[in-house]
Structures are given as C-alpha cells and as structure tokens.
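Asks: A single structure is presented below for examination.
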Amino acid sequence: MMESQSNWRKRTILFFASQCITLFGSQIVQMAIVWYVTLQTNSGAWVAAFSVCSYLPQFFVSFIGGVWADRYNRKYLIIGADALIAAVTLAMLLIMPYITAEPMLLTALLLMSIIRSAGAGVQNPAVNAVIPQLVPEEHLMRYNGINATMQSVVQFGAPVAAAVVLTMSTLRATLLIDILT
C-alpha cells in the first residue's frame, strides 16, 4: 500500500513538473511574440490580431480536444500536441532569417501563433483529463487545485520572463526556449 501511494505521488509530481516547464516555455513565446509585435509595429491592430490569434483557436479547438481526450489516448494527445507546437516553432526559427520583409514576417508569426494555439486546444483538455487517472479520488480536489495554481503562476510569470528574455536577446532565442522546454 505504501509503495502504491508513493508511486502515484511521484508520477503526479513528475507530470506536473513537466507540464509546468512546457507551459512556461510556451507562454514565454506567446508573450514574447506580442511584445515583439508591439515594439516592431507600434500598431494596436497588429497587437490585437496577435492576441486574438494566440487564444481564440485554442478556445474553439478545446471543444474538440475535450472530446478527443475522452475518446483517445491522452498521453499521445499531450505528446502529439506538444510536438506539433515545438515543430511549428522550430520551423519558424529556421525560416526567420530568410524572411526579410516585415509584413511577411508578421504574417508568418501570426500563422505560427494560430497553429500553436490550436495545439494548446488539444493539449490542455488532455492534461486536465489525465489528472484523475494519476490521482486517487480522495486527493483529486487538492491536486486539481495545485494544477490550477501552477497554471496561474506560469501565466503570471511568463510575461515578465518574456520581456526579460526579449530585452536581453532576440525573438529567435525566445523561440528556442520553447523548443527546449
């Protein structure tokens, strides 16, 4: 009994830690893109477009993502969505030096934000659906609270971290952070 109790706690802590790291990297990139667009364009319309494209696809895709999380292997959904987000970020990292016109770069970043947001719309419902599989029912409320707190801390800290990283480095370096996390 003691071995089993220790085992689920260890798996849950490792899962939460990995999700915290990947979520933090993703949020840093999303915020860095908005900061970058703000600094480069000085345009409220571009900033609004990026803000909408960073979150609206996730909102709509999460309805489908929730159904998929109920029907398919959640582990594969989480890994697949995170891999898609990393792949599109890597593609942007590789093509950025070849895009010389600012409108083209902004369009490419906008497309990347849409795809990344859609990937999060699959990943987040799957992550939330995995928690009851990892945690015994009597501890579920507490661990759901820990997960919600972790997400709030990441969302609070990511804009600050994005501003610091973007100030000290480049947007490409910021993209690399998400790929590594």
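Under our numbering, the sequence shown has 134 at position 123, and the numbering climbs by one with no breaks. For glycine and all other residues, C-beta sits at the position ideal for the given N, C-alpha and C.
1. Could you spell out the range, first to last residue, of the alpha helix (DSSP H) harbouring Ala102?
2. State buried or exposed for Phe70, treating a residue as buried only when at least 16 other CB atoms are found within 10 Å of its CB.
3. Does DSSP put Asn135 in a helix, in a strand, or in coil?
4. I need the DSSP call for Thr160, collapsed to helix, strand or coil.
5. Looking only at its chain, what residues have a beta carbon closer than 8 Å to the beta carbon of Ala140, apart from the 5 residues adjacent to it on each side?
6. Does Ile110 come out as helix, strand or coil in the three-state DSSP assignment?
7. Thinking just about the alpha-carbon of each residue, which of Asp189, Leu177, Gly55, Thr181 is nearest to the one in Pro108?
8. Measuring CA to CA, which of Ala184, Thr160, Val175 is closest to Ala28?
9. Could you tell me the distance, in whole angstroms, from the CA atom of Val165 to the CA atom of Tyr47?
10. So for Ser62, helix, strand or coil by DSSP?
11. So what's Ser180 in DSSP terms, helix, strand or just coil?
12. Does the separation of the CB atoms of Phe26 and Val45 fall below 7 Å?
13. In the structure shown, what three-state DSSP assignment does Pro170 receive?
14. Going by alpha carbons, who is nearest to Pro68 out of Leu117, Leu50, Asn135?
Replies: The answer reads as follows:
1. 85 to 106 is the span of the alpha helix (DSSP H), which, as asked, contains Ala102.
2. Exposure of Phe70 is indicated by the presence of fewer than 16 other C-beta atoms within 10 angstroms of its C-beta.
3. Helix, per DSSP.
4. Here Thr160 sits in helix by DSSP.
5. Excluding sequence neighbours, Ala140 sits near Gly77, Ala80, Asp81, Arg85.
6. Three-state result, Ile110: coil.
7. Minimum Cα distance to Pro108 is reached at Thr181.
8. Comparing Cα positions, the closest option is Thr160.
9. Cα to Cα, Val165 sits roughly 20 Å from Tyr47.
10. Three-state result, Ser62: helix.
11. Reduced to three states, the DSSP call for Ser180 is coil.
12. No; because the gap between Cβ atoms is not below 7 Å, this pair is not in contact.
13. Pro170: helix per DSSP, three-state reduction.
14. Each of Leu117, Leu50, Asn135 was checked against the Cα of Pro68, and the nearest Cα belongs to Asn135.
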